[in-house]
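Visitor:
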Amino acid sequence: MANPLLGDTPGDTHLLLGNEAIVRGAVEAGIQVVTCYPGTPSSEVPDTFYRISPDGKYYFEYSVNEKVALEVAGGATLAGAMSMCTMKHVGVNVAADPLMTLCYVGAPGGLMLLSADDPGCHSSQNEQDNRIYARLGGMPVLEPSSAQEAKDMARDGLLLSKKHGAPLLLRTTTRVNHLRGPVEFGPAPAPGKPEGFKRNPPHFVPIPAFSRPMHVRLMERMEALREEAENSPYNKVTGSGEYGIVCSGISRAYVADALDNAGLADKVTVLELGFSNPLPENKCLDFLKSVDTVLVVEELEPVVENELRVLAQKNGLSIEIKGKDVLPRNGEFDVTMVENAIREGLGESPVPTCECSLPELPGRPPNLCAGCPHRGTYYAARKVFGDDAVYSSDIGCYTLGLLPPLQTADFLLCMGSSISAGGGLAKASGQKVVAFIGDSTFFHSGLTGVANAVFNAHDVLIVILDNRTTAMTGHQPNPGVDKTVIGDNDHPLDIESAVRGLGVTEVRTVNPFNQRKTMAALEELGGMSGVRVLIAKEPCPLYTRRVYKKIAPQVAYVAESCTGRFDCLDKLACPAMYKEGGKAAVNPILCNGCMLCLQVCGHIKAKKRGS
Amino acid sequence: MPDTKKIRIFMTGVGGQGTLTATTLLAKTALSQGLTVTSGEIHGMAQRGGVVESTVLIGCKSPKIGIGEADILLGFEPMETMRALPYLRQGGLVVSSTEYMPPLSVAMGKQECPTIDDIRKAVSTCTDKVYFMANQSIGLEAGAVQSGNIAMLGALCAAGELPFGPEALEAAIKANLPAKLQAVNLKALELGVKALNS
Ligand code: SF4
Ligand code: SF4
Numbered sequence: 001m002a003n004p005l006l007g008d009t010p011g012d013t014h015l016l017l018g019n020e021a022i023v024r025g026a027v028e029a030g031i032q033v034v035t036c037y038p039g040t041p042s043s044e045v046p047d048t049f050y051r052i053s054p055d056g057k058y059y060f061e062y063s064v065n066e067k068v069a070l071e072v073a074g075g076a077t078l079a080g081a082m083s084m085c086t087m088k089h090v091g092v093n094v095a096a097d098p099l100m101t102l103c104y105v106g107a108p109g110g111l112m113l114l115s116a117d118d119p120g121c122h123s124s125q126n127e128q129d130n131r132i133y134a135r136l137g138g139m140p141v142l143e144p145s146s147a148q149e150a151k152d153m154a155r156d157g158l159l160l161s162k163k164h165g166a167p168l169l170l171r172t173t174t175r176v177n178h179l180r181g182p183v184e185f186g187p188a189p190a191p192g193k194p195e196g197f198k199r200n201p202p203h204f205v206p207i208p209a210f211s212r213p214m215h216v217r218l219m220e221r222m223e224a225l226r227e228e229a230e231n232s233p234y235n236k237v238t239g240s241g242e243y244g245i246v247c248s249g250i251s252r253a254y255v256a257d258a259l260d261n262a263g264l265a266d267k268v269t270v271l272e273l274g275f276s277n278p279l280p281e282n283k284c285l286d287f288l289k290s291v292d293t294v295l296v297v298e299e300l301e302p303v304v305e306n307e308l309r310v311l312a313q314k315n316g317l318s319i320e321i322k323g324k325d326v327l328p329r330n331g332e333f334d335v336t337m338v339e340n341a342i343r344e345g346l347g348e349s350p351v352p353t354c355e356c357s358l359p360e361l362p363g364r365p366p367n368l369c370a371g372c373p374h375r376g377t378y379y380a381a382r383k384v385f386g387d388d389a390v391y392s393s394d395i396g397c398y399t400l401g402l403l404p405p406l407q408t409a410d411f412l413l414c415m416g417s418s419i420s421a422g423g424g425l426a427k428a429s430g431q432k433v434v435a436f437i438g439d440s441t442f443f444h445s446g447l448t449g450v451a452n453a454v455f456n457a458h459d460v461l462i463v464i465l466d467n468r469t470t471a472m473t474g475h476q477p478n479p480g481v482d483k484t485v486i487g488d489n490d491h492p493l494d495i496e497s498a499v500r501g502l503g504v505t506e507v508r509t510v511n512p513f514n515q516r517k518t519m520a521a522l523e524e525l526g527g528m529s530g531v532r533v534l535i536a537k538e539p540c541p542l543y544t545r546r547v548y549k550k551i552a553p554q555v556a557y558v559a560e561s562c563t564g565r566f567d568c569l570d571k572l573a574c575p576a577m578y579k580e581g582g583k584a585a586v587n588p589i590l591c592n593g594c595m596l597c598l599q600v601c602g603h604i605k606a607k608k609r610g611s
Numbered sequence: 612m613p614d615t616k617k618i619r620i621f622m623t624g625v626g627g628q629g630t631l632t633a634t635t636l637l638a639k640t641a642l643s644q645g646l647t648v649t650s651g652e653i654h655g656m657a658q659r660g661g662v663v664e665s666t667v668l669i670g671c672k673s674p675k676i677g678i679g680e681a682d683i684l685l686g687f688e689p690m691e692t693m694r695a696l697p698y699l700r701q702g703g704l705v706v707s708s709t710e711y712m713p714p715l716s717v718a719m720g721k722q723e724c725p726t727i728d729d730i731r732k733a734v735s736t737c738t739d740k741v742y743f744m745a746n747q748s749i750g751l752e753a754g755a756v757q758s759g760n761i762a763m764l765g766a767l768c769a770a771g772e773l774p775f776g777p778e779a780l781e782a783a784i785k786a787n788l789p790a791k792l793q794a795v796n797l798k799a800l801e802l803g804v805k806a807l808n809s
């Protein structure tokens, strides 16, 4: 039976993750092409498209990075295909170059960009607000606040984008991507065939002479979309009262619950902006005139707040507008925080708080899994270079190498930066640099870094941690893998040939669980200068279990002879190990049988799993 | 949907414990009772052995629970129960496991977890509605350690704070879990209800 997300079953209700709801919305719109680069909190959107792709009527790909993903989707929409491209907020930085021009060129088949922003940095290096990109490029923005809206807005956004030929931003935040709620399905008719590309250079080739009129058309398009926003059911006014609240995105849910808790729903007028760009100026103006104070409730930047201030100023309104002066500009909101801001505005006392104080508890930082091959590489690097090298890190599970005892991540900028920033640091200071990068990240934007390092004669030892998958975001395939959850990869790229092809002559490949060979290779390459590459190749054990359907036949155990020196625990920090009665011990349920600890201490032995 | 009393349930555990499966099952149970339900989860880096927090909210729009907002705190690991205590409102209900999953610093002997007595004491400053149970042992007795989470859900349903009882959860298990997992989880549910009443 095909997945329910694909069925033409209007009226059905399913409990869906926000990200699954987005997939359903796209299916209802008749989606034809989907591209992505996975990144938390967006990943379940492409993962769901991928999982159900054997039965779907769309083309799906995991692209090598966000820029490429958007370009592929951009080409597809020019061919008249309804297209969608998904990424996390920082991914839009990578895709910003094609994005800005795509807004000029337009999207004849419809094109929706999903940007999953992450207020609170649950799994990201920053908390940038991508609604600002939409203003920079000129894109309409929809911001869902529930699973139902995630579905409806994905559908309506794609149809709106196609109608106006305007690339559209579906802007979610972590809470929306990862909430679950009931979703009522609409019809999902089968999509037709894309019309194909219609040659029209003045519209599609942005040389300066053509770009100038394109910019004018873009502005006209945005005015037409402003009309749509004025009439959109996603922008609505509820309640009555002198005190006004304007809210967008997930803040709408917080406002609704806060008013309910406080019993103030009848004393306040609320303007919800689910279709938040371009600003429906008439609707907003009417609203501003109907109240005497306004509180703008939006997470992160004061985007709507500033637009309302401009609108009020232009129209000579002297209304009081509050926002970032009473609510924070960083992190997430919650219901009580919003309720207190409203209470303060109405002169009421805040919600009483509970004063329970807790002692300091042991932390539970994430750790590389038991049997993670990165532990082998990091252990060897620390042994060989200690604190003499500067460790340049990158984005992936292996960033967890920053924690003691491995401590092999000294700085980090973005995807692919380990190689280029590492080279820059070495050029500037002459310090020894070891740059770590994963296989997926290498294909994402490490390749250009290697080319740059070779061309500019950087002095950097690059270690490619090839675990045969994209582990951090949920084990998505990348160009190097040979197997995926839905079949074999027919065109696996070989990393060693790739780096040789880019002009690196000193390349070694090792299995990081072979400590002797790994250390010997690190010592040898460490003694050289220029660009050198070590490929530490061994699949992630979680991926091995899921995709290769294999588990290691052995587990480690600590022999009676253990002297309680605890080198294994102190230097490897494998989560399967613990102290018991002055000796080390291994939890056989957690042990993944990598046999790394056996090479660290002779008192640890292997036995058959289950024996 | 009927106008229901708002109930906010905060769940916490350790990555890999099955916290999210339990969350979804509880949300589906509430939905099957015709209740308005939203649930939320935060994962990502936390999956690599870190803390996982999730929520089920009945009658609310928001998927998030802030400090002091939870009516119910469900702790699948005792130290995480304690860490999450600030989320509980005064007088809320706590259902917690007594069996530890020590974090690395504790396994390495560098730090110590608070004792169950410490945790009891801390909880008692917030509420006297508290149930502790050995969820991993109960899970093992039922047939799989992860089913301990379902045992705790069973206990929660039997505690009388939700607008439905254990039968609703039983029906949801039968409707949503694959056939081969049902027997174990139904057994866990039964043991969980029993643990609450003992
Ligand atoms: S063999 Fe040793 S290092 Fe590897 S997973 Fe087992 S306990 Fe951990
Ligand atoms: S998921 Fe795989 S690659 Fe990531 S930390 Fe765990 S074992 Fe290592």
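In the order they appear, the protein sequences are chains A and U. Residue numbers for the first sequence follow our numbering, beginning at 1 and rising by one. Residue numbers for the second sequence follow our numbering, beginning at 612 and rising by one. Note that the Cβ used here is the ideal one computed from N, Cα and C, for glycine as well.
1) If you check the beta carbons only, do A:Ala190 and A:Gly7 fall under 8 Å apart?
2) Could you say which of A:Glu220, A:Ser251 and A:Glu20 lies nearest to A:Ala154 if we only look at CA atoms?
3) Given this structure, state the Cα-to-Cα distance separating A:Pro201 from A:Val485, to the nearest angstrom.
4) Please classify U:Pro613: is it buried, with 16 or more other beta-carbons within 10 angstroms of its beta-carbon, or exposed?
5) Tell me which residues share the same chain as A:Thr473 and place their Cβ nearer than 7 Å to its Cβ, disregarding the 5 neighbours each side in the sequence.
6) Distance cutoff 8 Å, beta carbons only. Does U:Pro689 sit that close to anything in chain A?
7) Can you find a heavy atom of ligand 1 that lies under 7 Å from the Cβ of U:Met744?
8) Does DSSP put A:Ser248 in a helix, in a strand, or in coil?
9) Give the single residue among U:Val706, U:Leu684, U:Thr709 and U:Thr692 whose Cα lies nearest to the Cα of U:Arg700.
10) What are the start and end residues of each continuous beta strand (DSSP E) run of 3 or more residues lying completely inside the segment 121-192 of chain A, in chain order?
11) Tell me where the beta strand (DSSP E) around A:Tyr557 begins and ends.
12) Tell me, please, whether the segment 310-319 of chain A touches the segment 252-269 of chain A by the rule of three or more beta-carbon pairs shorter than 8 Å.
13) In angstroms, rounded to a whole number, what distance separates the CA positions of A:Gln515 and A:Asn65?
14) Near U:Ile761, what residues of its chain come up, given a Cβ to Cβ distance below 6 Å and the 5 sequence neighbours on each side ignored?
15) Go ahead and pull the three-state DSSP assignment for U:Tyr830.
16) So for A:Val338, helix, strand or coil by DSSP?
17) Could you tell me which residues DSSP puts in a beta bridge with A:Ile604?
18) Is A:Val326 near A:Asp257, with beta carbons less than 8 Å apart?
19) Please indicate yes or no: does the CB of A:Cys601 lie closer than 7 Å to some heavy atom of ligand 1?
20) Any heavy atom of ligand 2 closer than 7 Å to the Cβ of A:Ala224?
21) Going along the chain, which residues of the segment 254-280 of chain A sit with their C-beta nearer than 7 Å to a C-beta in chain U?
22) Kindly list the residues whose CB is nearer than 8 Å to the CB of A:Val547, restricted to its own chain and excluding five residues on each side of it in sequence; keep chain order.
23) Since A:Leu522 contacts A:Ala380 with CB under 8 Å, what's their CB separation in whole angstroms?
24) Please list, following the chain, all residues that have a C-beta closer than 5 Å to any non-hydrogen atom of ligand 2.
25) For A:Asp152, go through chain U and note every residue whose CB falls closer than 8 Å to its CB, in chain order.
26) Can you confirm whether the segment 155-162 of chain A touches the segment 412-425 of chain A when touching is taken to mean that 3 or more C-beta pairs between the two stretches lie within less than 8 Å?
27) Among A:Gly244, A:Thr448, A:Val433 and A:Gly137, which one has its Cα closest to the Cα of A:Gly323?
28) Establish whether the CB of U:Ala782 and some CB of chain A are separated by less than 8 Å.
29) Cβ of A:Pro530 within 8 Å of Cβ of A:Ala457?
30) Assuming A:Ala573 is part of the beta strand (DSSP E), what are its boundary residues?
31) To be precise: take each residue of the segment 709-730 of chain U, compare its Cβ to all Cβ atoms of chain A, and keep it if any distance is under 8 Å. Which residues remain?
32) To the nearest whole angstrom, what separates the beta carbons of U:Ala779 and U:Thr640, a pair I think is in contact under 8 Å?
Guide: Per the coordinate set shown:
1) no
2) A:Glu20
3) 42 Å
4) Low local confidence applies: a pLDDT of 45 at U:Pro613 is under 50, so the model's placement there is unreliable, and no value is given.
5) Pro38, Gly39, Thr40 and Ser43
6) no
7) no
8) strand
9) U:Leu684
10) 168-173 and 179-184
11) Gln554 to Val558
12) no
13) 33 Å
14) Asn796, Ala799 and Leu800
15) There is simply no residue 830 of chain U to check, as chain U begins at 612 and stops at 809 in what is shown.
16) helix
17) A:Val558
18) no
19) no
20) no
21) Tyr254, Ala256 and Asp257
22) Thr469, His475, Lys483, Thr484 and Val485
23) 6 Å
24) A:Leu368, A:Cys369, A:Cys372, A:Cys397, A:Asn467, A:Ala471, A:Cys540 and A:Leu542
25) Going along chain U, no residue has its Cβ under 8 Å from A:Asp152, so there is no contact; the nearest lies around 15 Å.
26) no
27) A:Gly244
28) no
29) Position check: residue 530 of chain A holds Gly in this sequence, whereas Pro was assumed. Result yes, Cβ atoms of A:Gly530 and A:Ala457 sit closer than 8 Å.
30) First-last for A:Ala573: undefined, no H or E at that position.
31) Pro713, Pro714, Leu715, Ser716, Val717, Ala718, Met719, Gly720, Gln722, Glu723, Cys724, Pro725 and Asp729
32) 5 Å
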